[in-house]
Every structure is written in C-alpha cells, then in structure tokens.
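In what follows, a structure is listed as structure tokens, so that the remarks can point back to it.
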Amino acid sequence: MTRRKFQELNLSNAYLFAATMEDEGTCRITLEMLLERKIEKVVVHVEHSMLYSQDYRSIRLDVYASDETGSIYNMEMQSENEGNLPKRSRYHQAEMDVLSLKPGDDFNALGPNYVIFICCFDPFGKGLYRYTFTNKCMETGDELGDETTKIFLSTKGQNPEDVPAVLVRFLKYLENSTDECVGEQDDAVRKIHSRVVTIKQDRSWESRYMKFEELMQKEYQNGIQQGIQQAETRMQRLIQCMQEAGEQELLARLSEADFLEAMYRKYNV
Numbered sequence: 039m040t041r042r043k044f045q046e047l048n049l050s051n052a053y054l055f056a057a058t059m060e061d062e063g064t065c066r067i068t069l070e071m072l073l074e075r076k077i078e079k080v081v082v083h084v085e086h087s088m089l090y091s092q093d094y095r096s097i098r099l100d101v102y103a104s105d106e107t108g109s110i111y112n113m114e115m116q117s118e119n120e121g122n123l124p125k126r127s128r129y130h131q132a133e134m135d136v137l138s139l140k141p142g143d144d145f146n147a148l149g150p151n152y153v154i155f156i157c158c159f160d161p162f163g164k165g166l167y168r169y170t171f172t173n174k175c176m177e178t179g180d181e182l183g184d185e186t187t188k189i190f191l192s193t194k195g196q197n198p199e200d201v202p203a204v205l206v207r208f209l210k211y212l213e214n215s216t217d218e219c220v221g222e223q224d225d226a227v228r229k230i231h232s233r234v235v236t237i238k239q240d241r242s243w244e245s246r247y248m249k250f251e252e253l254m255q256k257e258y259q260n261g262i263q264q265g266i267q268q269a270e271t272r273m274q275r276l277i278q279c280m281q282e283a284g285e286q287e288l289l290a291r292l293s294e295a296d297f298l299e300a301m302y303r304k305y306n307v
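Residue numbers 39 to 307, in my numbering, belong to the letters of the sequence shown in order.
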C-alpha cells in the first residue's frame, strides 16, 4: 500500500471525503449539487458515519445525513472497483431503514432515502457521469413508490451535455483538489475546496489520518498473511486427498496452475 502525505490527498480519498462532509454546511452544498434541488438544513450523524474508537476498530468512511423533510442520505467515495456496488447499495439502503424506524413504528414513517456512491471509475461502463436507479414495475413502468433512490456518479463520464456543468467540474475536482483546479469555478466547488484546505491545515485531522493509515496498513498485512496461511492449509488438504486416493505420482504436476485448479475442483478443496 502506498501512503500519500495528508496535504497531497485529493477529495477522491475516502478519508478526506468523509472528513470534509462531516461539516454540515459542506455536506448540504454537496447534496444540493448532486441532487439538483434545494435543501434547507442537513444534520450529519457522526455516530453512523465517521466513527472513531480508541483502538480504531470501528472506522467507517461513509457519510450518513438527514434533512428537515425526513429524507436520509448515505454518501460514500469509491476509488477502486471491487465489483460489488449493486449489492453494496442494497445493504446500505437496508441499513438506513433499520436506523430510521423504531420498533412499532408504521412503515409509512420511513422517509425517502438516497444511497450515493461517487466513483473514480465507470461502475457500469456506459460512459455516463451519473446513473440513477429507482424501483419500477417491469410490466407497466410505474414507480413502486418506496421512495428509495440509488445514485452512482463517475469521474470518468463522457456525456457533459446531459448533466449540469457544475457536477462535471466537481467530479473533475475530486481527482485534482488543488487551487488551480478550482479557479473561477462555481461557488459550490469553491466552498467545498475551502473546507478541504481547512482540514488539511488542521493537525488533529492529519494525526487521525496517520493513525488510520497505520491501521489500514496493519489490516492489509494481516490480510496477506491470512491469505498465505489459507493457501498453505488448502494445499496441504489437497495433497492429503490425492495421497489417500493413490495419486501420489501426480503431486509433481501441482506446480501447473491449470492442473492445480482442476485438482481443487475434483476434490472440492
């Protein structure tokens, strides 16, 4: 894992994005820009968003917020495509509903919710800056009316004529969060950049970032080690199965990748 200096981070960094959106004014401005509608007031629920425990085991880098109408928002920055965004968005939506509804509440008490992923890649390969999903009837095309919306934004879009210019500039700013990139851009982007600059100058945020990176590095190394151990255990089990089946003479061929995978499938290891 490559560690970047805190002052060199772009807003596409999940940590910096979550820290920036923890400010309610900045979060409101961003949501207004992404959703193209006015929002009077936003409350960022830190207890459900950027969490810090003393041992740093409960960090989340998504942003959970609500507005004065009861709408709930979940935003998350995605720098790498792990191929799980559709199911991940489903999980976030379900989690938002659980947090919103108390036992005994009527289901109609659920307000609109928005799951928003901002991606540094094209999540669906269609060249769009924005993909918006709602639940509709396949036969009639009518909206279900559950008031759930999933939005996937891409910094790699190629259709600037179909979205507001400020959205395109914001998405470009994510990957180059510098004074030069802001220039004479829209007021919203300049306000977001002002918050980014403030955070980068705050030593407490930098200290948290360093601790966060240390944790991520440790988790990364643990993951590698666990992967090695699991691979060794799997290989040992396969060798045992082949020996029990009287196939000792084939063990030398396990260095062949295709043959190894065939044996794993054969013995269901």
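Where a beta carbon is used, it is the ideal one built from N, C-alpha and C, also for glycine.
For Lys188, the uninterrupted beta strand (DSSP E) run begins and ends at Thr186 to Ser192, by DSSP. Under the three-pair Cβ rule at 8 angstroms, the region 148-165 counts as touching the region 105-112. For Phe155, the uninterrupted beta strand (DSSP E) segment begins and ends at Asn151 to Cys157.
Taking the Cα positions, Phe44 is about 20 angstroms away from Lys229. Under the three-state reduction of DSSP output, Ala103 falls in the strand class. Between Val235 and Val204 a beta carbon distance of about 19 angstroms is seen, past the 8 angstroms cut, so the two are scored as non-contacting. Spanning the alpha carbons of Thr271 and Val307 requires a straight line of approximately 10 angstroms. The region 195-215 and the region 43-61 touch, with three or more beta-carbon pairs separated by less than 8 angstroms. Classified as exposed, Ser293 has fewer than 16 neighbouring CB atoms from the shown chains inside 10 Å of its CB.
A straight-line Cα-Cα distance of about 12 angstroms links Asn173 and Tyr152. Shortest Cα-Cα distance from Val81 to any of Thr64, Phe162 and Leu72 involves Thr64. Annotation: Leu182 to Gln131 spans about 16 angstroms, alpha carbon to alpha carbon.
Sixteen is the threshold: when 16 or more other Cβ atoms of the shown chains lie within 10 Å of the Cβ of Leu69, as they do, the residue is buried.
If you draw a straight line from the Cα of Arg128 to the Cα of Ala57, it comes to about 24 angstroms. Spanning the alpha carbons of His83 and Ala103 requires a straight line of approximately 6 angstroms. By the criterion of a C-beta distance shorter than 7 angstroms, Leu288 is surrounded in its chain by Met280, once the five residues flanking it on both sides are discounted.
Around the beta carbon of Glu199, fewer than 16 other beta carbons lie within 10 angstroms, which makes this residue exposed. Phe159 sits close to Asn119, with the two beta carbons spaced by under 9 angstroms. Remark: C-beta atoms of Gln116 and Gly165 do not approach each other more closely than 9 angstroms. Secondary structure of Thr172 (DSSP, three-state): coil. Inter-residue distance for Ile237 and Trp243 is about 6 angstroms (C-alpha atoms, whole angstroms). The beta carbon of Gly284 is closer than 6 angstroms to none in its chain, skipping five residues each way along the sequence. Secondary-structure assignment with DSSP links Glu114 through a beta bridge to Asp100 and Phe155. Burial state of Val136 is exposed, judged by a 10 Å Cβ sphere holding fewer than 16 other Cβ atoms. Leaving aside the five residues that flank Asp61 on each side, the residues in its chain whose CB is nearer than 7 angstroms to its CB run, in chain order, Arg233. The C-beta distance from Arg168 to Val201 rounds to 6 angstroms, short enough to meet the 8 angstroms contact threshold. Counting the other Cβ atoms within 10 Å of the Cβ of Asp100 gives 16 or more, which makes it buried.
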